[in-house]
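Novice: Residue numbers (our numbering): 1159 to 1313. Quick reminder that beta carbons are idealized off the backbone N, C-alpha and C, glycines included. Predicted model, so just to flag it, every value in this text is computed and none were measured.
(1) Among 1192, 1273, 1266 and 1308, which one has its Cα closest to the Cα of residue 1293?
(2) Mapping the DSSP letters down to three states, classify residue 1262 as helix, strand or coil.
(3) Can you tell me whether DSSP reads residue 1194 as helix, strand or coil?
(4) My output table needs one value for residue 1222: the three-state DSSP class, helix, strand or coil.
(5) Put residue 1248 into one of helix, strand or coil per three-state DSSP.
(6) Short of 7 Å in beta carbon distance, which residues of its chain neighbour residue 1173, apart from the five on each side in sequence? Order them along the chain.
(7) Who are the near neighbours of residue 1178 in its chain, counting only those whose CB is closer than 7 Å to its CB and skipping five residues on each side?
(8) What did DSSP end up calling residue 1306 once you bin it into helix, strand or coil?
(9) Nearest-angstrom Cα distance between residue 1197 and residue 1231?
(10) Distance check for residue 1214 and residue 1169, CA to CA, integer angstroms please.
(11) Where does residue 1185 sit, in a helix, a strand or coil, going by DSSP?
(12) So residue 1306 and residue 1204 are in contact, right, with Cβ under 8 Å, and what is the actual spacing, rounded?
(13) By the three-class DSSP mapping on this structure, what secondary structure does residue 1293 have?
(14) Near residue 1270, what residues of its chain come up, given a Cβ to Cβ distance below 6 Å and the 5 sequence neighbours on each side ignored?
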């Protein structure tokens, strides 16, 4: 009996979390700036608290602190932000990426947050925010200063 219970308990802990796929299309604005803005996509919970980084755009580490909210919260969460880099997005460029996320983020108020920063326009902590909702599997949200729009599609 004790062996059976132990085996059953270990099987419960071995069940992996289910994942979902989310496709994000980022359409950057042609700001006319010489230096491209830096962007970061991350997940925040229903209260806006940082959960995890999906993608950081830009390769020069000295500009990462300009993404203030992400930089502070990713450091606090123990993410190795020095290991994160990604393509720089030219003004007016479009980027599409697909990310695997924990399916418990869907329909629980979790959000995809796009933060951006540039030397001329400053930090835009919540340039665009989209809630993960299976009743709205594809959502397009308009950006502000650095971004025309992002489209988030649950797959």
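Specialist: In this structure, then:
(1) Among 1192, 1273, 1266 and 1308, the Cα nearest to that of residue 1293 belongs to 1266.
(2) helix
(3) Here DSSP, grouped into helix, strand and coil, assigns residue 1194 to coil.
(4) helix
(5) coil
(6) Residue confidence is low: residue 1173 scores 48 on pLDDT, short of 50, so the model does not pin down where it sits. No coordinate-derived value is stated.
(7) So the list reads 1259, 1261, 1264 and 1312, once near-sequence residues are dropped.
(8) strand
(9) 15 Å
(10) Residue confidence is low: residue 1169 scores 43 on pLDDT, short of 50, so the model does not pin down where it sits. Its coordinate-derived value is still stated next. Annotation: residue 1169 to residue 1214 spans about 36 Å, alpha carbon to alpha carbon.
(11) For residue 1185, the secondary structure class from DSSP, reduced to helix, strand or coil, is strand.
(12) Contact doesn't hold; Cβ gap of about 27 Å is too wide.
(13) Coil at residue 1293, not helix or strand.
(14) Correct list, in chain order: 1288 and 1310.
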